[in-house]
Amino acid sequence: MAMWPELGFQQSPYATGPVPATEEGENLFVGREANAKRLANRLRSSELHPTIEGDNGVGKTSLVAVVGYRLRRDYERGDTGQALIPLPAPFQLTQKSDAAALERKVLLAVASAMIENHDLLKNGGHNVPDVSQVKRWLESPIVAGGGLGASVLGVGANATRSVAVNTGAGFNEEGLRSTVFGWLEQCFPTPQSGAFICVIDNLELLETSKDARALLESMRDGVLSQRGLKWVLCGARGIVRTSASSPRLEGRLSEPLELHPIEDSEISNVVARRLDQYRIADTAIAPVGPESFKFIYDVLNRNLRNALGYSEDFALWAYEEGYFEQGEPALGELLREWIKRRADRSNEDTKLTGTRAWEVFDALAIKGGSCSPGDYEEFGFNNPQAMVPHIRSLEDVNLVISSASEEDRRRKTIEMTPRGWLVRYARNGYSLSE
Ligand SMILES: Nc1ncnc2c1ncn2[C@@H]1O[C@H](COP(=O)(O)OP(=O)(O)OP(=O)(O)O)[C@@H](O)[C@H]1O
Ligand SMILES: [Mg+2]
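Going by this note's numbering, the letters in the sequence shown line up with residues 105 to 538, in that order.
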């Protein structure tokens with residue numbers, strides 16, 4: 105028997121993926137009602153595209169998923185005539201992403217969404233192109249010319265792959281663009297009639313504000329200003345704020361919604377809800393209960409994703425070592441020991457030379473775990489260059505990660521890793537206070 109069913113759960117309660125855009129996701133979603141209200145309001149009532157800024161793993165993707173799910177559900181139920189319908193997946197960028205490739209992805213995703221949601225939109229009184237027209241168009245030589253052909257609709261191929269194929273020669277961009285934009289205008293003639301919600305997630309993958317800004321600016325007169333498309337841009341480490349503050353983007357994007365860690369008092373609920381959701385036997389034993397979860401979360405400096413990941417790791421270890429017979433209270437004790445041992449091991453394995461780098465590390469921890477190159481004075485340096493070698497040393501031993509460019513001096517581009525927090529825990533005498 106597989107581990108989770110044996111322990112009395114349908115699946116792992118510690119999965120690290122975002123909360124899904126489903127009813128289940130709605131049940132698991134905790135402590136973000138104020139943010140959810142704001143985001144929903146911005147999507148419903150403003151032509152500015154909402155932007156979200158928040159640390160890695162804080163819950164950006166989850167928030168967007170749940171809000172999108174609710175907006176769609178409101179329309180499905182007939183509570184509103186405004187059809188705000190999320191595209192099924194966010195658009196992920198890489199440093200190689202260019203505006204033309206992104207636009208193509210968007211146009212094809214919209215065409216597929218027109219097919220997927222045809223009946224829903226039609227029943228709601230929207231003027232949606234008929235499915236056969238869209239399908240015919242997707243199969244037409246213009247769109248299929250680059251070899252796209254059946255890949256959008258065909259069996260076994262996914263949308264990502266079809267887009268890759270489609271970047272070849274013989275692809276008439278203008279035709280693609282005007283057709284899809286035409287459908288959007290016909291389907292969503294006013295902001296009140298609705299839009300497809302498109303998400304660009306992890307804008308920080310572009311690394312520098314300059315790259316991110318260039319991409320957003322290049323979208324400005326295309327998909328970013330197209331009626332019927334509502335964008336949500338998410339990013340970490342200050343990238344949204346710095347890249348969106350371009351004069352060319354003014355009047356397009358709303359002030360970033362800053363996501364902070366959910367309230368401490370809600371953290372144990374994150375796991376409590378998951379245990380409830382996935383429990384299939386009354387006798388189920390939770391490897392990491394709500395209280396223990398809060399402990400891991402605190403050691404890892406309040407990072408939800410990392411706390412879930414470590415909980416899962418502990419569960420696997422405790423199961424494999426046969427500790428489950430001892431029951432939940434013993435598992436709580438064991439978890440503390442396990443964290444301590446991992447912290448010790450990470451600390452011992454860290455071959456960092458030079459006390460100055462350790463001083464920078466400790467100061468960074470006290471500061472909360474992130475800083476920008478422009479904060480050098482707080483670390484006792486005379487200029488940013490003087491701090492660089494120490495940050496590099498810390499990076500080399502995986503205690504911090506950083507990304508930056510000359511113009512990003514004020515962005516918090518230097519961050520402690522979860523491993524860094526474990527090491528901090530050991531160095532700090534297994535104490536959570538500074
Ligand atoms: N409001 C919430 N309630 C319950 N669990 C949540 C909530 N928000 C996030 N989580 C959980 O926390 C983890 C991180 O969430 P998510 O992936 O949304 O963060 P993120 O900010 O998008 O991270 P990244 O910057 O890495 O993309 C996931 O496992 C998710 O299920
Ligand atoms: Mg995310």
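Note that CB positions come from ideal geometry on N, CA and C, so glycine has one too.
Whole-angstrom Cβ separation of Val-504 and Leu-498, contact assumed at under 8 Å? 4 Å
Q. Leaving out five residues before and five after Cys-291 in sequence, what residues of the same chain have Cβ atoms less than 7 Å from its Cβ?
A. Leu-225, His-230, Asn-231, Val-232 and Gly-332
Could you compute how far the alpha carbon of Ala-419 sits from the alpha carbon of Asp-402? 18 Å
Can you grab the Cα-Cα spacing for the pair Leu-59 / Pro-360, in whole Å? What is shown of the chain runs 105 to 538, which leaves residue 59 out entirely.
Compute the distance between the beta-carbons of Arg-148 and Pro-154, then report whether it is under 7 Å.
no
Quiz prompt | C-alpha distance - Gly-172 paired with Phe-133, whole-angstrom precision | solution = 13 Å
- Message: If contact is defined by three or more beta carbon pairs under 8 Å, each pair taking one atom from either stretch, is the region 318-328 in contact with the region 135-146?
- Response: no
### Straight-line Cα distance separating Ser-116 from Trp-108
6 Å
Practice problem: Mind checking who Gly-339 pairs with in its DSSP beta bridge? | Solution: Glu-157
Check your understanding: DSSP state of Leu-280, grouped into three classes?
Key -> helix
Taking buried to mean at least 16 other C-beta atoms within 10 Å of its own C-beta, is Phe-158 buried or exposed?
Here residue 158 turns out to be Gly, not Phe, going by the sequence shown. Counting Cβ neighbours within 10 Å, Gly-158 comes out buried, since at least 16 surround it.
Quiz item: Which of helix, strand or coil does DSSP assign to Met-105?
Solution: coil
### Query
Candidates Cys-475, Glu-243, Glu-416 and Arg-523: which alpha carbon is nearest Ser-507's?
Cys-475
- Query: Going by DSSP, which residues form a beta bridge with Ala-187?
  - Reply: Gly-298
Using the C-alpha atoms, what's the distance from Ile-400 back to Ile-301? 35 Å
* Asked: Does the Cβ of Gly-533 lie closer than 6 Å to at least one heavy atom of ligand 1?
  -> no
Identify the continuous beta strand (DSSP E) that holds Glu-151 and give its terminal residues.
Where Glu-151 is concerned, there is no enclosing beta strand (DSSP E), given that its DSSP letter is neither H nor E.
Practice problem: Look up Phe-483 in the DSSP assignment and say whether it is helix, strand or coil. | Solution: helix
Express the C-alpha separation of Leu-211 and Arg-281 in angstroms, rounding to a whole number.
-> 7 Å
Assign Glu-359 to one of three DSSP states: helix, strand, or coil. coil
Review point. Can you pull every residue whose C-beta falls closer than 7 Å to some heavy atom of ligand 2, listed in chain order?
Key: Pro-122, Lys-164, Thr-165, Asp-305, Asn-306 and Cys-338
>> Does Arg-265 pass the burial test, meaning 16 or more other C-beta atoms within 10 Å, or should it be called exposed?
In response: Residue placement at Arg-265 is flagged as unreliable, the pLDDT there being 39, under the threshold of 50; the coordinate-derived value follows with that caveat. It counts as exposed.
If you check the beta carbons only, do Ala-447 and Leu-526 fall under 7 Å apart? yes
(message) Short of 6 Å in beta carbon distance, which residues of its chain neighbour Ala-467, apart from the five on each side in sequence? Order them along the chain.
(response) Phe-483
message: Only counting the same chain, and skipping five residues up and downstream in sequence, which positions put a Cβ closer than 7 Å to that of Lys-164?
response: Ile-156, Gly-158, Cys-338 and Leu-363
Q) How many angstroms separate the CA atom of Arg-598 from the CA atom of Phe-195? A) The first residue shown for the chain is 105 and the last is 538, placing residue 598 beyond what the model contains.
Q) Does DSSP classify Phe-275 as helix, strand or coil? A) The pLDDT assigned to Phe-275 is 42, lower than 50, so where the model puts this residue is not dependable, and the model offers no usable value.
Expected contact under 8 Å - CB spacing of Ile-343 and Leu-307 to nearest Å: 5 Å
Q) How far does the beta strand (DSSP E) with Ser-497 in it reach, from first residue to last? A) Per DSSP, Ser-497 belongs to no beta strand (DSSP E); it is in the alpha helix (DSSP H), 488-500.
May I have the straight-line CA-CA distance separating Ala-340 from Asp-315, to the nearest angstrom? 15 Å
Heavy atom of ligand 1 within 6 Å of Val-336 beta-carbon = no
Is the beta carbon of Asn-160 within less than 6 Å of some heavy atom of ligand 1? yes
What I want to know is whether the C-beta of Arg-240 ends up closer than 6 Å to one or more non-hydrogen atoms of ligand 1. no
query: Just the Cα atoms here: how many angstroms apart are Gly-129 and Trp-335?
result: 21 Å
- Could you have a look at Val-123 and say whether DSSP puts it in helix, strand or coil? coil
ask   = If you check the beta carbons only, do Gln-296 and Asn-131 fall under 7 Å apart?
value = no
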